[in-house]
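Visitor: Numbering (the UniProt record's numbering), first residue to last: 1 to 218. Cβ atoms here follow ideal geometry from the backbone N, Cα and C, with glycine treated the same way. Quick one: structure below, then a few questions.
In structure tokens, the structure reads:
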């Protein structure tokens with residue numbers, strides 16, 4: 001099974017740096033394969049807890065090299081919830097790469113486990129339901145670590161996910177029970193920009209230089 005690793009996070013940083021410099025992306029140092037995947041960017045300032053700056057991926061299997069290349073940029077520059085990440089924010093970024101595995105159809109909307117550190121019983125979930133106000137199908141997902149990070153109960157996570165899917169009506173228990181839920185697991189790897197710079201220095205002999213970034217002197 002393919003697992004998220006350091007080299008995948010490096011490749012995402014390489015892709016963003018290459019974009020800013022209008023240069024080709026260095027070749028990846030991991031084998032290709034096909035998996036669902038996500039790229040998440042967060043920004044930390046003054047020692048505070050990192051805040052989300054972009055998160056986009058695919059729930060369908062695709063080639064992971066091109067997938068990480070595409071979603072590294074899409075999540076950094078075209079997540080509609082946020083402004084594009086400029087080069088000057090690079091020193092404050094961290095990147096998390098996720099590989100999704102073990103898709104299972106749940107018996108009901110509570111048939112999943114909240115992410116627990118160092119345990120295997122951790123589920124992300126994909127929900128599908130019919131919006132009774134507009135008669136359209138709505139769909140959304142949360143990665144396995146989200147519910148724990150937010151401190152949600154299962155019901156709170158489901159309700160938030162329904163809002164993420166675009167449902168603005170009243171959430172009732174009968175509506176929750178109509179949800180079709182697919183649960184999945186994931187492996188993930190998180191790397192800060194400082195760790196990326198140290199990796200590049202160690203493996204390539206010099207730190208990355210980025211046009212428009214204050215990180216060049218670091």
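1. With burial defined as no fewer than 16 other Cβ atoms inside 10 Å of the residue's Cβ, what is the status of residue 123: buried or exposed?
2. So, residue 7 versus residue 43, is the Cβ gap smaller than 9 Å?
3. On the criterion of 16 or more Cβ atoms from any shown chain inside 10 Å, does residue 4 qualify as buried, or is it exposed?
4. Got a sec, what are the start and stop residues for the beta strand (DSSP E) residue 136 sits in?
5. Can you tell me which of 104, 55 and 96 puts its alpha carbon nearest to the alpha carbon of residue 193?
6. Rounded to whole angstroms, what is the Cα-Cα separation between residue 174 and residue 141?
7. Using a Cβ-Cβ cut-off of 8 Å (strictly less than) and excluding sequence neighbours within five positions of residue 165, which residues of its own chain qualify?
8. Please go through the region 50 to 93 and give each complete alpha helix (DSSP H) segment of 4 or more residues, from N-terminal end onward.
9. Please work out which residues of its chain come closer than 8 Å, Cβ to Cβ, to residue 213, disregarding the five sequence neighbours upstream and downstream, and give them in chain order.
10. Classify residue 107 as helix, strand or coil using the three-state DSSP reduction.
11. What's the C-alpha gap between residue 30 and residue 170?
12. Between which residues of its own chain and residue 102 is the CB-CB distance below 7 Å, once the five residues before and five after are set aside?
13. Give every residue of the same chain whose Cβ lies closer than 6 Å to the Cβ of residue 181, excluding the five residues on either side of it in the sequence, and list them in chain order.
14. In whole angstroms, give me the CA-to-CA distance for residue 39 and residue 133.
15. For a test of the three-state rule: what should DSSP assign to residue 213, helix, strand or coil?
16. How should residue 69 be labelled, buried or exposed, when 16 other C-beta atoms within 10 angstroms of its C-beta is the threshold for buried?
Guide: The relevant details are as follows:
1. Residue numbering aside, residue 123 sits at position 123 when the chain shown is read from its first letter. Answer is buried; the Cβ neighbour count reaches 16.
2. For the purposes of this step, residue 7 is taken as residue 7 along the chain shown, with counting starting at 1. For the purposes of this step, residue 43 is taken as residue 43 along the chain shown, with counting starting at 1. With a cutoff of 9 Å on beta-carbon distance, residue 7 and residue 43 are scored as not near each other.
3. Here residue 4 corresponds to residue number 4 of the chain shown, with the count starting at 1. It counts as buried.
4. As a first step, residue 136 is located in the chain shown; it is residue number 136 there, counting from the start. DSSP places residue 136 inside the beta strand (DSSP E), whose first and last residues are 136 to 142.
5. As a position in the chain shown, residue 193 is number 193, starting the count at 1. Among 104, 55 and 96, the Cα nearest to that of residue 193 belongs to 96.
6. Reading the chain shown from its first residue, position 174 is the one you call residue 174. Reading the chain shown from its first residue, position 141 is the one you call residue 141. CA-CA distance, residue 174 to residue 141, rounds to 20 Å.
7. Residue numbering aside, residue 165 sits at position 165 when the chain shown is read from its first letter. These residues qualify, in order along the chain: 127, 129, 138, 139 and 140.
8. Listed in chain order, they are 64 to 77.
9. Here the question's residue 213 lines up with position 213 in the chain shown. Closer than 8 Å at the Cβ level, and outside the excluded window around residue 213, lie 20, 87, 88, 90 and 91.
10. In the chain shown, residue 107 corresponds to position 107, counting from 1. Coil, per DSSP.
11. By 1-based counting over the chain shown, the position of residue 30 is 30. By 1-based counting over the chain shown, the position of residue 170 is 170. When rounded, the distance between both Cα atoms is 46 Å.
12. On the chain shown, position 102 is the one that residue 102 refers to. These residues qualify, in order along the chain: 184 and 185.
13. What you label residue 181 is simply residue 181 of the chain shown in a count that begins at 1. 106, 109, 125 and 127, listed in sequence order.
14. Here residue 39 refers to the residue found at position 39 when the chain shown is read from its first residue. Here residue 133 refers to the residue found at position 133 when the chain shown is read from its first residue. Distance between the alpha carbons of residue 39 and residue 133 is about 33 Å.
15. Along the chain shown, one-based indexing puts residue 213 at 213. In this structure, residue 213 counts as coil in the three-state DSSP scheme.
16. In the chain shown, the residue the question calls residue 69 occupies position 69. So residue 69 counts as buried.
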